[in-house]
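First comes the structure, then the notes that go with it.
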Amino acid sequence: MKTLTKTTLFIGTIFLFLLGCNTSENKKNNATTETVFHAKVDSLMGLMTLQEKVGQMVMYSGSGAITGPTVNTNFRTYIKEANVGAMLNVYSAKATRDLQKLAVEETRLGIPLLFGYDVIHGFKTIFPINLGLAASWDLDDIEKGSRIAAEEASAVGIHWTFAPMVDIARDPRWGRISEGMGEDVYLASKITKAYVRGFQGDDLSKTNTILACAKHFVGYGAAQAGRDYHTVNMGEEELRNVYLPPFKAAVDEGVETFMTAFNEINGVPATANKYIFKDILRDEWGFNGFVVTDYTAINELVDHGFAKDEKHATKLAIEAGIDQDMMSSANRLYLEELVNEGEVDVELVNEACRRILLAKFKLGLFDDPYKYCDEQREKETIYKPEFLEAARHSAAISSVLLKNDDKALPLTSEKTIALIGPLAKDKENILGNWGAAGDRRGKAISVHQGIQEYVNDAKINYAKGCEIEGDDESGFNEAIKVAKKSDIVVMVMGEDYDMSGEAASRTNIKIPGSQTKLIKRIREAVPNKKIVLVLMNGRPLDLSEEDTLADAILETWFPGTMGGNGVADVLFGKHNPSGKLTVTFPRNLGQVPIYYNMKNTGRPIPANNPKEDYKSNYLDVPNTPLYPFGHGLSYTTFEYSNFKLSAETTGFSDTLTAMATITNTGDYDGHEVVQLYVHDKVGSITRPVKELKGFEKIFLKKGESKTVSFDLSVEDLKFYNSEMKFTVEPGEFEIAIKGTSDFDFEHAFTLE
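At position 587 of the sequence shown (counting the first as 1) the number is 587 in UniProt numbering, and the numbers step up by one without a gap.
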């Protein structure tokens, strides 16, 4: 490549400056702004050497959280050599400014770095884990939480989050089920959009917005045996009808980046899969942002047995449409050489570099590379009181009341409480996996502290009882002692936060250690007292034994920084529980995978004889789950009545309206998540037994009624058929409006 003269560089710099002066005017029109950004990128690309272009396609990690094999890199040297375009695991206004200064002031062209971080369910102020947030069914709250996360993250120099994770997950053994939205396609697609809006806002040039990243493309949640990073095999129909839609929702909402999945899909590792990245993501969906690998994913193409060495892997990745290499060093080491040897088309490098630079222009980093590096703003933003209050509210609305026999909950301040369990005073695990920069000790609020807001210490009798793991029973006697001298027993139990998340698959999904044994011993010791089980965990658990021992079970997931307060608000009735499961809880691991929208078989179980021979059933347990998708109790009760359809027959161009009356028939004001389900009875390919097609979260005072209506169009009924056409077929559809997925259809309409 011809050497650039200082005069050429000076002219180019002046051109970029003049274009930058027009930025404010151009923001009046998004299309014009986009055109200007592209002009800026093209101008800068004309000044860049091949090595500098490849450098934009390289990402290295600082000394923060490590989520994979460490790679020996001297990233400060690489930055000064213009061999790095992005960093991860570096944050604070000062730290990011120091590295940004290297890129901007000590390289030839001064191209700023992107700083990324795993801001998954909060940055400093940690919200409930994502599976918990999904259980709120509150899109506004989820968007607000990700907006707060973006506020805090951007205040410490972060430009980009590796979230949301939109993988559909139906296997509780898989640890990363905690990071997603559950098992349903419709709900996950809605939540995906809320996350993207929250992170990216309405103008990426503002200092309180960050790039979102839809991950992991694609099929990662279907890893065989629930084992992380494992193989995925599925038909095209399942891929398009189940696993792709949330990613398409992210594209529709304007997500700026995508991340590759670790798994292979149908024999081709995702990071080298042209079909999903070029044919579907780029050509079919029109995605114009950039794609980053997951941590060392290019290296791993060799271990997959798909590439003969790392140089070959580098070629396969860029030819598949992958733009930026996270941590593997493959692009830095081999890509320029591959181009010079004629093995890789230089235009592939140009396209990748162009997309990365465009994101930097959109963020305004060329106008002010240090705009996110304001130490005063950092101090003023982190842990704002309103952020903490929002996290407390999210913890409350994410909690799911699984069981509440004989009105064991809510608690009253008059009774003495035996507070027992390894998580009762916990301030570390409560943040969950992907706790980002959250303070796991000083700032987090334990359940014990939360309860102290409602009753004085004289009415709390505490005993740890046991550890999360292990067989030690030495604390049992003390726990039994405090249970005997108290009016009610509250046991806070579950998993260690490291038992879910990445690389945290389990073949046993029961509550670990001796915790369940302690519940049983206390039940035997105080058979006439109410036992309330408060759970913290990152996945659906096998609670078949606990369900027989506890009077009430409150699923709080890992509820975050203000989790103790939010959980206490539910326990004492300040907040009437309103969460609903977005993932099925099995009776035991042998039922897995189990999810509400499975397909029928040729030998379905008859409702009047569930144990009939030669039907698709188990000999030892029912087919039904312990707690189904959409399940969640309240301190009040809701009655569904007066279901109506606007027509019994509808056409392809019509809109059908379904409505029902919901009445609060109990003694408390409360929220209810009203759910619309449809069943396409006959299709050219078999259809699920029911599918969520709408929901609305409503508030009703005791005795109040409200009519909730849903509009259905042909678009809502479409699916990918055997020819992979997104279409709808005429015929009979069953329909229902309910508060859970556990019901039998009673109504139908015909599409003509």
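By construction, the Cβ of each residue, glycine as well, lies at the ideal position given by its N, Cα and C atoms.
Quick caveat, the model's predicted, so the values are computed rather than measured.
Does the distance from the C-beta atom of residue i to that of residue j stay below 8 Å?
i           : j    : result
M562        : I445 : yes
I142        : I191 : yes
T231        : E183 : no
L751        : T650 : yes
A261        : D294 : yes
residue 776 : N721 : Limits of the chain in this structure are 1 at one end and 752 at the other, which puts residue 776 out of reach.
E502        : G116 : no
V455        : A424 : no
P246        : S189 : yes
N30         : G62  : no
I382        : A155 : yes
L114        : K360 : yes
L700        : I662 : yes
K403        : I553 : yes
G157        : A95  : yes
I519        : D496 : no
Y640        : K485 : no
D551        : V532 : yes
Q100        : C373 : yes
K464        : P422 : yes
For residue i, which of helix, strand or coil comes out of DSSP?
i    : result
K530 : coil
G226 : helix
F749 : strand
L365 : coil
T3   : Bear in mind that the predicted position of T3 carries a pLDDT of just 35, short of 50, making it unreliable; the figure below should be weighed with that in mind. Reduced to three states, the DSSP call for T3 is coil.
Y614 : coil
H216 : strand
V592 : coil
V251 : helix
A86  : strand
S24  : For S24, the predicted model reports a pLDDT of 47, less than 50, meaning its position is unreliable; a value from the coordinates is still stated below. DSSP places S24 in helix when its eight states are reduced to three.
D98  : helix
K644 : strand
P385 : helix
A444 : coil
Closest to residue i by C-alpha separation, out of the options, would be which residue?
i    : options                   : result
Y186 : V534, W137, G475 and A297 : W137
S505 : D669, G226, K615 and I488 : G226
L131 : F162, L301 and T556       : T556
A408 : T125, S43 and L633        : L633
Y334 : I168, V54, D487 and Y275  : V54
S578 : P527, A134, A660 and I451 : A134
D368 : I111, N83 and E546        : I111
T314 : M57, K101, H679 and T49   : M57
Y462 : G438, D426 and K690       : D426
A212 : V218, Q200, A223 and G221 : Q200
S413 : Y275, G573, G180 and V346 : G573
I397 : T296, V346 and K697       : K697
N600 : V682, G566 and L535       : V682
G267 : L301, E284, D279 and L244 : L301
L411 : S514, D487 and S544       : D487
D716 : V708, V728 and S709       : V728
In this structure, what does DSSP give as the bridge partners for residue i?
i           : result
L700        : G670
I737        : L676
Y552        : Note that residue 552 is Ala in the sequence shown here, rather than Tyr. Its beta-bridge partners are N404 and V532.
G116        : L88 and W160
D325        : V58
F719        : T727
I265        : V232 and V268
A660        : V708
M491        : I420 and L533
residue 753 : No statement about residue 753 is possible, as the shown extent of the chain runs from 1 to 752 and does not include it.
If residue i and residue j are in contact, beta carbons under 8 Å, what's the gap, nearest whole angstrom?
i    : j    : result
F733 : F749 : 6 Å
T125 : A395 : At roughly 11 Å, the Cβ-Cβ gap does not stay under 8 Å, so T125 and A395 are not in contact.
V522 : V492 : Before going further, note that residue 522 is Ile rather than Val in the sequence given. Not quite, the Cβ-Cβ distance comes to about 13 Å (not below 8 Å), so this is no contact.
A82  : E105 : Actually they are not in contact, since the Cβ atoms of A82 and E105 sit about 12 Å apart, beyond 8 Å.
F652 : V714 : 5 Å
F558 : G538 : 6 Å
H216 : M259 : 6 Å
D118 : A436 : 6 Å
H671 : T740 : Contact flag wrong, Cβ pair sits at about 15 Å.
K80  : L102 : 5 Å
G513 : G470 : 5 Å
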